[in-house]
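> Below is the structure I would like to discuss, written out as structure tokens.
In my numbering, the protein residues as written are 6 to 128.
Now the structure itself:
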């Protein structure tokens, strides 16, 4: 082989290896970034324990359990239970308002067109 051909072959090999190295580096960065994100997702799912100076975070299942407990407490308030639920209070207020309106309307009939002249009667 002549010297120029050898130099070209070596240069081609160096360029090929350099390109392959760049591609592998980029691929490695993508894999590393993806793996880090998967790890963060797993940490969020499981939660993290307390560390010195840093409060822990509950996992997804613990947070769902807390949400369900809060929802159960809210649902209890939305159904009558004999006097202490929010639904019972609303029912009592509604009954008192209906009684008050019935009493008020019985004592003072509703006046229509107050302050306006009466419409002429048509035959």
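Where a beta carbon is used, it is the ideal one built from N, C-alpha and C, also for glycine.
Since this is a predicted model, take the numbers as computed values, not measurements.
1) Determine the closest residue to residue 52 out of 15, 66, 104 and 91, with distance taken between C-alpha atoms.
2) Please tell me whether residue 90 and residue 82 are closer than 7 Å, where the distance is taken between their beta carbons.
3) If you follow the alpha helix (DSSP H) that residue 112 is in, where does it begin and where does it stop?
4) In whole angstroms, what separates the C-alpha of residue 100 from that of residue 47?
5) Per DSSP, what are the beta-bridge partners of residue 20 in this structure?
6) Quick one: what's got a C-beta closer than 8 Å to residue 87's C-beta in the same chain, skipping five residues either side?
7) Counting along the chain, where does the alpha helix (DSSP H) carrying residue 83 start and finish?
8) Kindly identify the DSSP beta-bridge partner or partners of residue 52.
Once the coordinates are examined:
1) Counting from one through the chain shown, the residue named residue 52 turns up at place 47. Checked all of 15, 66, 104 and 91; the closest Cα to residue 52 is 66.
2) By 1-based counting over the chain shown, the position of residue 90 is 85. By 1-based counting over the chain shown, the position of residue 82 is 77. Contact flag set, yes.
3) Within the chain shown, numbered from 1, the residue matching residue 112 stands at position 107. Annotation: the continuous alpha helix (DSSP H) that includes residue 112 extends over 91 to 112.
4) The sequence position of residue 100 within the chain shown is 95, counting from 1. The sequence position of residue 47 within the chain shown is 42, counting from 1. Near 54 Å, if we compare the C-alpha coordinates of residue 47 and residue 100.
5) Along the chain shown, one-based indexing puts residue 20 at 15. Bridge partners of residue 20: none, in fact.
6) In the chain shown, counting from the first residue as 1, residue 87 sits at position 82. Shown here for residue 87: same chain residues with a beta carbon closer than 8 Å to its own, the five before and five after excluded, namely 93 in chain order.
7) Along the chain shown, one-based indexing puts residue 83 at 78. In the DSSP assignment, residue 83 falls outside any alpha helix (DSSP H) and carries neither an H nor an E.
8) Counting from one through the chain shown, the residue named residue 52 turns up at place 47. Residue pairing for residue 52: DSSP places it in a beta bridge opposite 63.
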